[in-house]
Each structure stands twice: as structure tokens, then as C-alpha cells.
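*Asks:* Below is one structure. I have some questions about it.
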Amino acid sequence: MTELKILISREQIATRVTAMAADITRDFAGEQVIFVGVLKGAAIFLSDLARQVKLEATFDFIGVSSYGNRPSPAQELKSGWDSTGEVRLTKDADQSMQGKNVILVEDILDTGLTLTYLKKLILARQPKTFRIAALLDKPSRRKQPIQADYVGFSIPDEFVVGYGLDYAERYRNLPDICVVPRE
Ligand code: 5GP
């Protein structure tokens, strides 16, 4: 693989995550929240975000995978991903969400299929409030009309890794967000 180029530095991430945490602290002042992270990509973002939110909070994690037609990372890099959009749950949350303030924490909002599926699933559990915090957003790729309430960075249609995001399970531990060049 060719060299990875930094798109968003660790310093830029830290500054933006601090601001997002301040927004959440303000919006839920006096309340308790549950952060529900989408595995595995959101784990690092959730841990940085939640540690700066000055509220009483609990964590939970949810796992999803896409049915069938998500291509290999190499194909995805070459031609993008055109899914017909079936998502399935591989790990459910452990806590009840009924009557709670649920903040779903996701690494990247791309086509919107994953978050549309998870929003429906969580709303059916009747939380008191439901919000989405996404570190990255690729609005040009959207297939479903869904938006995050808290967005870190809007980025162009590039395949990115680092800060939790992988390419075939690699690079999750890079501290910066980097672009994998399309050959
Ligand atoms: P969506 O359902 O919105 O199309 O996709 C969301 C998921 O696709 C993300 O949670 C992530 O796993 C994956 N994804 C989308 N774009 C990228 C990207 O640029 N890099 C990586 N590593 N994963 C991505």
C-alpha cells in the first residue's frame, strides 16, 4: 500500500472533540446520558468524547454488519460502495434504553444505511431523547436522508483510516485520520 496522507491531524481531532463534548454537556445539562458506540470504529472517538462530557454517563456498544454486497476494501477503494442496504445486528446493547437520553456514537456517516437502521432500532425502544454524534460525515455519499446532531468534520468522498477507522482491520490505532489513496 502506498503512503497514507494525513487528512485531519490529532490536534484538530482533539480540538473538535472537545467542542462536541461541550455542546453535549450544554444540551443535556442536569441529565444522565447513555453513549452507545458502534463497534469497532467508534471506540476511540467514544472514549475521547465521553471523558470530556461533564454529565453522569454510561457506555454501551452495538455491533452491525452489512449483508452480502459490501465489497472488499480494495474494491471499495477503487469504485466506492454501492449497497442496496441491508444491515444486521451482530451485537445488541446491554442496557435498556427506555426513557433514557441515548447518544449514538459513530465513526463515520457515509451512505447513511447503518445509522438509518440503528435509529429505527433504537427509537423502537422508546428513549426519552435520541441523538447521533458522528466524528466524520461524507454528505456526498448519502443514500438515506439522515443527519447527525453532532458532527466532527465533513469530508470529501475519500476512504479514510485511523482514530478507530480501519482498512481490513488495520490502522485503527493511527492517531491521525489519513486518506488511503485510490490507485
Ligand atoms: P454507511 O452505512 O453510512 O454507508 O457506512 C457507515 C460505515 O461504513 C462506517 O461505520 C464505516 O464502518 C464504514 N465506512 C464508510 N466510509 C468509510 C471510510 O472512509 N473509511 C472506513 N475505514 N470505513 C468507512
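Heads up, the sequence shown is in the numbering used here, so the first residue is 841 and it goes up one at a time.
Even for Gly, the Cβ is constructed at its ideal location relative to N, Cα and C.
Remember, it's a predicted structure, so these values are computed and weren't measured experimentally.
(1) Using the Cα positions of Thr951 and Ile864, report the straight-line distance between them to the nearest angstrom.
(2) Going by CA-CA distance only, name the one from Lys880, Asp1016, Val1020, Phe901 that's closest to Ile853.
(3) Counting C-beta neighbours from all protein chains within 10 Å, is the total for Asn909 16 or more, i.e. buried, or is it exposed?
(4) Kindly indicate which residue of Gln984, Leu961, Ser994 has the alpha-carbon position closest to the one of Leu976.
(5) Compute the Euclidean distance between the alpha carbons of Arg1022 and Tyr1007, then round it to the nearest angstrom.
(6) Mind checking Leu958: buried by the 16 CB within 10 Å criterion, or exposed?
(7) Where do the ends of the alpha helix (DSSP H) carrying Ser887 lie?
(8) Using 8 Å as the Cβ pair cut-off and three pairs as the minimum, do the stretch 963-974 and the stretch 932-943 touch?
(9) What would DSSP say about Ile995, mapped onto helix, strand or coil?
(10) With DSSP run on the structure shown, which of helix, strand or coil describes Gln872?
(11) Could you tell me which residues DSSP puts in a beta bridge with Ala974?
(12) So, helix, strand or coil for Leu955, using DSSP?
(13) Would you tell me roughly how many angstroms separate the C-alpha atoms of Ser1019 and Ile846, rounded to the nearest one?
(14) Determine the extent of the alpha helix (DSSP H) in which Ile902 is found, giving its start and end residues.
(15) Can you tell me whether Leu961 is helix, strand or coil according to DSSP?
(16) Out of Arg866, Glu843, Phe875, which one is the CA nearest neighbour of Phe970?
(17) Which stretch, first to last residue, makes up the alpha helix (DSSP H) that contains Arg850?
(18) Does any heavy atom of the ligand 5GP sit closer than 8 Å to the C-beta of Ser994?
*Replies:* So, from the listed chains and residues:
(1) What you label residue 951 is simply residue 111 of the sequence shown in a count that begins at 1. What you label residue 864 is simply residue 24 of the sequence shown in a count that begins at 1. Taking the CA atoms as reference points, Thr951 sits about 25 Å from Ile864.
(2) The residue you call residue 853 lines up with position 13 of the sequence shown. Considering only alpha carbons, the answer is Asp1016.
(3) As a first step, residue 909 must be located in the sequence shown, where it is residue number 69. Confidence at Asn909 is low in this model, with a pLDDT of 49, below 50, so the placement of that residue should be treated as unreliable; the coordinate-derived value is given next. Result: exposed.
(4) Residue mapping note: residue 976 aligns to position 136 of the sequence shown, counting from 1. Residue Ser994 is the option with its Cα nearest to Leu976.
(5) Indexing the sequence shown from 1 puts residue 1022 at position 182. Indexing the sequence shown from 1 puts residue 1007 at position 167. Take the alpha-carbon of Arg1022 and the one of Tyr1007: they are about 13 Å apart.
(6) Here the question's residue 958 lines up with position 118 in the sequence shown. Taking a 10 Å sphere around the C-beta of Leu958, we find 16 or more other C-beta atoms and assign the residue as buried.
(7) Taking the first residue of the sequence shown as position 1, residue 887 is located at position 47. For Ser887, the uninterrupted alpha helix (DSSP H) run begins and ends at 883-892, by DSSP.
(8) Touching, yes.
(9) Within the sequence shown, residue 995 is the residue found at index 155, counting from 1. If DSSP states are grouped into helix, strand and coil, Ile995 belongs with coil.
(10) In the sequence shown, residue 872 corresponds to position 32, counting from 1. Gln872: strand per DSSP, three-state reduction.
(11) Your numbering for residue 974 matches position 134 in the sequence shown. Ala974 is bridged to Glu946, Val991.
(12) Residue 955 sits at position 115 when you count from the first residue of the sequence shown. Look at Leu955 here: in three-state DSSP terms it is helix.
(13) By one-based count along the sequence shown, residue 1019 stands at place 179. By one-based count along the sequence shown, residue 846 stands at place 6. The sequence shown places Val at residue 1019, not Ser. When rounded, the distance between both Cα atoms is 6 Å.
(14) The sequence position of residue 902 within the sequence shown is 62, counting from 1. No alpha helix (DSSP H) contains Ile902, which is instead part of the beta strand (DSSP E) from 896-906.
(15) For the purposes of this step, residue 961 is taken as residue 121 along the sequence shown, with counting starting at 1. It is helical.
(16) Sequence index remark: in the sequence shown, residue 970 carries index 130 (1-based). Nearest C-alpha to Phe970 among Arg866, Glu843, Phe875: Phe875.
(17) For the purposes of this step, residue 850 is identified with residue 10 of the sequence shown, where counting begins at 1. Element bounds for Arg850: 850-867.
(18) By 1-based counting over the sequence shown, the position of residue 994 is 154. No, the Cβ of Ser994 stays beyond 8 Å of every heavy atom of the ligand 5GP.
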